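Numbering (the working numbering), first residue to last: -17 to 250. Ideal placement from N, C-alpha and C gives every residue a C-beta, glycine not left out. No experiment lies behind these values; they were computed from the predicted model shown. Here the structure comes first, spelled out in structure tokens, and everything after it is commentary.
Structure, rendered in structure tokens:
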């Protein structure tokens, strides 16, 4: 697990509801059960500050970091998608982007990853569609210097044509198989009773981290465009059950780490 990715998960799942700030000592302690060493945490924090995700501040217990408004918006959107609390209504229209892809391969890959995260699927290198418009996409494309056109589009083939378009833009069999693997792999992780609060925190953190990867793969298509008995539905129910079950002991561990980090050091 990468330190930067783990920090996004930590802030989004645990620290955002607690004010979006934490001392450095708490960040180090909270990522230690994941096998992430203190130098890696500090390096990742510095990188996130440079990228505008975190803001340094002085807390009563020492140096700490606060989520920026940009990070708060991104994490709130991610949380709604992770826990499926966002609106999934569909009006029968697609958000259609026609872009001029960057010349450099690395920039094209970075752009593709960003658009996938925002819920867009690729018809070809210059044409992307989403079942719902993203509030961020125009700002991100403009910041990246991407020339683009944007349309609201309805398929003339009706629901059948729309479903065919979806199958072009997303590999649904591959996505379904990924959901099935997620459930299979996660059973060993979450179905044994945790030994203590830290073990529950580690299991839940790992579960959420693995589930979060679907943010880059699944645009949460409306049910009418999905195959019958969609594997993502069963996987979401599995995730929701175990994430909720492990939440209380995981929260206790987080609160204990934050409390310990905020206490003044004991004189020698």
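Near residue i, what residues of its chain come up, given a Cβ to Cβ distance below 8 Å and the 5 sequence neighbours on each side ignored?
i, result
"residue 31", "37, 38 and 47"
"residue 154", "148, 208 and 209"
For the beta strand (DSSP E) that residue i lies in, which residues bound it at each end?
i, result
"residue 47", "44 to 49"
"residue 5", "3 to 5"
"residue 38", "36 to 41"
"residue 135", "130 to 135"
"residue 106", "103 to 106"
Can you find the residues in the same chain that come closer than 6 Å, C-beta to C-beta, to residue i, ignoring five residues on each side of it along the sequence?
i, result
"residue -15", "18, 22, 23 and 26"
"residue 52", "34"
"residue 127", "none"
"residue 230", "none"
Is it the case that the Cβ atoms of residue i and residue j are separated by a distance below 7 Å?
i, j, result
"residue 172", "residue 189", "yes"
"residue 134", "residue 75", "yes"
"residue 109", "residue 80", "yes"
"residue 130", "residue 217", "no"
"residue 232", "residue 183", "yes"
"residue 296", "residue 12", "One cannot answer for residue 296 here, as it falls past the ends of the chain, which runs -17 to 250."
"residue 14", "residue 243", "no"
"residue 161", "residue 225", "no"
"residue 49", "residue 103", "no"
"residue 83", "residue 107", "yes"
Can you give me the C-alpha to C-alpha distance between residue i and residue j, rounded to a whole angstrom?
i, j, result
"residue 58", "residue 136", "29 Å"
"residue 185", "residue 191", "10 Å"
"residue 215", "residue 158", "10 Å"
"residue -12", "residue 174", "23 Å"
"residue 119", "residue 177", "44 Å"
"residue 71", "residue 223", "24 Å"
"residue 235", "residue 43", "19 Å"
"residue 168", "residue 220", "9 Å"
"residue 105", "residue 123", "18 Å"
"residue 45", "residue -6", "20 Å"
"residue 181", "residue 29", "29 Å"
Got a sec, what are the start and stop residues for the alpha helix (DSSP H) residue i sits in?
i, result
"residue 82", "From DSSP, residue 82 is part of no alpha helix (DSSP H); its letter is neither H nor E."
"residue -9", "-15 to -8"
"residue 193", "179 to 194"
Tell me, to the nearest whole angstrom, how far the beta carbon of residue i is from that of residue j; I am working on the premise that it is less than 8 Å.
i, j, result
"residue 101", "residue 204", "Contact doesn't hold; Cβ gap of about 12 Å is too wide."
"residue 199", "residue 98", "7 Å"
"residue 112", "residue 77", "5 Å"
Can you find the residues in the same chain that come closer than 7 Å, C-beta to C-beta, to residue i, ignoring five residues on each side of it along the sequence?
i, result
"residue 141", "206"
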